[in-house]
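A.B. asks:
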Amino acid sequence: MGRVSELQLKEAIANFNYFGRLKACEPFGSGHINDTYRLTFEIGDMGDVYVILQRMNREIFKKPVELMENIVGVTSHLRKKIIKAGGDPERETLNVILAKDGKAYYVDSMGEYWRSFKYITEATSYDLVEKPEDFYESAVAFGHFQRMLADYPAETLHETIEGFHDTKARLRAFKEAVEKDVCGRAASVQKEIDFVLSHEDTANVFGDLLEKGELPIRVTHNDTKLNNIMIDNTTRKGICVIDLDTVMPGIAMNDFGDSIRFGASTAEEDEQDLSKVSCSMELFELYVKGFLEGCAGSLTDKEVEMLPMGAKVMTYECGMRFLADYLEGDHYFKIHREGHNLDRARTQFKLVADMESKWDTMAEIVRKYANA
Ligand code: ADP
Ligand code: GN1
Ligand code: MG
Numbered sequence: 001m002g003r004v005s006e007l008q009l010k011e012a013i014a015n016f017n018y019f020g021r022l023k024a025c026e027p028f029g030s031g032h033i034n035d036t037y038r039l040t041f042e043i044g045d046m047g048d049v050y051v052i053l054q055r056m057n058r059e060i061f062k063k064p065v066e067l068m069e070n071i072v073g074v075t076s077h078l079r080k081k082i083i084k085a086g087g088d089p090e091r092e093t094l095n096v097i098l099a100k101d102g103k104a105y106y107v108d109s110m111g112e113y114w115r116s117f118k119y120i121t122e123a124t125s126y127d128l129v130e131k132p133e134d135f136y137e138s139a140v141a142f143g144h145f146q147r148m149l150a151d152y153p154a155e156t157l158h159e160t161i162e163g164f165h166d167t168k169a170r171l172r173a174f175k176e177a178v179e180k181d182v183c184g185r186a187a188s189v190q191k192e193i194d195f196v197l198s199h200e201d202t203a204n205v206f207g208d209l210l211e212k213g214e215l216p217i218r219v220t221h222n223d224t225k226l227n228n229i230m231i232d233n234t235t236r237k238g239i240c241v242i243d244l245d246t247v248m249p250g251i252a253m254n255d256f257g258d259s260i261r262f263g264a265s266t267a268e269e270d271e272q273d274l275s276k277v278s279c280s281m282e283l284f285e286l287y288v289k290g291f292l293e294g295c296a297g298s299l300t301d302k303e304v305e306m307l308p309m310g311a312k313v314m315t316y317e318c319g320m321r322f323l324a325d326y327l328e329g330d331h332y333f334k335i336h337r338e339g340h341n342l343d344r345a346r347t348q349f350k351l352v353a354d355m356e357s358k359w360d361t362m363a364e365i366v367r368k369y370a371n372a
């Protein structure tokens with residue numbers, strides 16, 4: 001896929017329904033998947049307007065047209081609900097800006113897909129929790145997001161990444177990466193590989209429960225990390241859930257768990273000093289409280305009971321994905337330094353081990369709010 005060239009960027013900008021004079025164009029955010037830019041347009045005397053422009057990752061998203069169909073469908077659904085509830089649909093959901101030909105995407109002359117969104121103003125996406133209350137608010141918003149999509153026709157959603165949170169399949173792919181060892185890196189990370197292999201039971205938990213019919217399938221976000229939510233700078237509420245590429249049928253515990261893995265960690269996802277990495281029980285508790293409030297009684301007893309497991313499974317799965325990518329030559333997640341994916345994998349395994357040592361506390365916290 002390669003880097004975005006200036007020419008390619010210019011071509012994309014020229015083909016969306018933008019007005020005004022382009023004043024600035026800068027790479028934006030810290031997502032690992034798409035190439036995101038923030039553009040600034042000056043619109044006469046009305047001042048500056050920002051928009052988000054993204055080149056979609058075509059190696060990861062093989063069916064970009066279907067993916068955008070999902071996003072248009074989901075955001076239209078959310079928009080109606082937000083209006084009905086008296087909210088602001090310009091800030092509380094993503095809004096797609098159409099290309100000049102009326103499509104929700106633009107295909108450039110290199111065959112790459114681009115899309116654009118209105119910019120959520122006066123809000124911030126965080127890579128680390130700055131104020132614990134923000135994490136609580138993000139939980140309410142992610143829970144509420146899931147609830148707003150409870151009546152979305154799931155059968156109309158395309159699977160944008162096959163088996164995205166099929167942890168069993170992820171483990172099979174991991175083993176293959178170890179076996180092939182295309183970069184000759186496996187021997188140097190044997191300790192991490194052993195960690196993954198010794199947790200096979202963690203990979204099987206949800207697949208087994210699903211097979212037994214013990215868990216409901218819902219429309220879920222599937223990528224609920226803290227930097228995929230915009231926190232309002234003034235009210236500090238979780239104003240808008242973004243990054244809707246993986247909204248698909250899934251299980252509630254994964255949305256809960258992915259947030260814990262990223263946001264309840266005491267360090268950033270790529271921290272190299274592992275002594276700084278642990279799962280904060282204070283943040284875990286805030287998230288449990290907020291998520292259950294946001295879901296507003298829609299979860300079954302089994303789902304609630306399995307929330308801590310969601311945290312462990314998502315953290316384990318993500319660590320395994322980072323390590324597999326390291327072994328395969330870093331082609332999936334964007335890296336910014338040598339060994340970046342290995343550092344990320346290590347923080348995840350440290351978190352899994354930490355969660356295991358705090359297992360009883362996590363279960364107790366969940367019980368406390370389940371019965372509240
Ligand atoms: P990726 O899949 O690469 O993570 P995202 O869609 O999450 O891509 O976008 C990357 C970052 O860009 C986000 O974490 C957020 O900081 C910023 N961003 C994305 N969409 C918007 C938006 N509509 N308004 C403001 N910021 C946004
Ligand atoms: C990716 O797109 P982004 O950066 O928000 C990834 C998630 C991982 C996460 C790890 C489509 O999320 O699954 O959990 O990185 N998204 C995709 O930080 O693979
Ligand atoms: Mg993102």
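Following full-length UniProt numbering, the numbering of the sequence shown begins with 1 at its first residue and continues without gaps. All residues carry an ideal CB built from backbone N, CA and C; glycine is no exception.
1. In this structure, how does DSSP classify Ile217 when only helix, strand and coil are distinguished?
2. Ligand 2 and Asp245: does any heavy atom of the ligand fall closer than 7 Å to the residue's C-beta?
3. Just curious, the beta strand (DSSP E) that Arg21 is in, first and last residue?
4. Are the segment 81–91 and the segment 52–64 touching, with three or more C-beta to C-beta distances below 8 Å?
5. Taking 7 Å as the cut-off, does the CB of Asn222 come closer than this to any heavy atom belonging to ligand 3?
6. State buried or exposed for Asn57, treating a residue as buried only when at least 16 other CB atoms are found within 10 Å of its CB.
7. Going by beta carbon distance, what residues of the same chain come within less than 6 Å of Ser76, once the five residues before and after it are set aside?
8. Starting from the C-beta of Lys100, find all residues in its chain whose C-beta is less than 7 Å away, skip the five residues before and the five after it, and write them out in chain order.
9. How far does the beta strand (DSSP E) with Met248 in it reach, from first residue to last?
10. Is the closest heavy atom of ligand 1 to the C-beta of Tyr119 under 7 Å?
11. Quick check: is any heavy atom of ligand 3 less than 7 Å from the C-beta of Gly339?
12. Any idea which residues DSSP pairs Glu265 with across the strands?
13. I need the DSSP call for Ala99, collapsed to helix, strand or coil.
14. Helix, strand or coil: which one does DSSP assign to Cys183?
15. Check the Cβ-Cβ distances between Leu39 and every residue of chain B, and say whether any is below 8 Å.
16. Label Gly250 either buried or exposed according to how many other C-beta atoms from any shown protein chain fall within 10 Å of its C-beta, with 16 as the threshold for buried.
17. According to the neighbour-count rule (16 or more other Cβ atoms, all chains shown, within 10 Å of its Cβ), is Leu22 buried or exposed?
18. On the criterion of 16 or more Cβ atoms from any shown chain inside 10 Å, does Pro308 qualify as buried, or is it exposed?
19. In whole angstroms, what separates the C-alpha of Phe333 from that of Arg321?
20. Starting from the Cα of Tyr126, find the closest Cα among Lys312, Gly263, Ser198 and give me that residue.
21. To the nearest angstrom, how far is it from the Cα of Gly238 to the Cα of Tyr113?
22. Check Tyr369 in the structure and name its three-state DSSP category.
C.D. replies: Judging by the given coordinates:
1. coil
2. Yes, ligand 2 has a heavy atom inside 7 Å of this Cβ.
3. 21–27
4. no
5. no
6. buried
7. For Ser76, where only same-chain residues beyond five positions count, there are no Cβ hits under 6 Å.
8. Asn15, Phe16, Asn17.
9. Here the beta strand (DSSP E) through Met248 covers 248–250.
10. It does: the Cβ of Tyr119 is within 7 Å (strictly closer) of some heavy atom of ligand 1.
11. no
12. The amino acid at residue 265 is misidentified as Glu; the sequence shows Ser. Paired residues: Cys279.
13. Judged by DSSP in its simplified three-state form, Ala99 adopts strand.
14. coil
15. Among the chains of the structure shown, chain B does not appear; only one protein chain is present.
16. buried
17. exposed
18. With 16 or more other Cβ atoms inside 10 Å of its own Cβ, Pro308 counts as buried.
19. 9 Å
20. Gly263
21. 29 Å
22. helix
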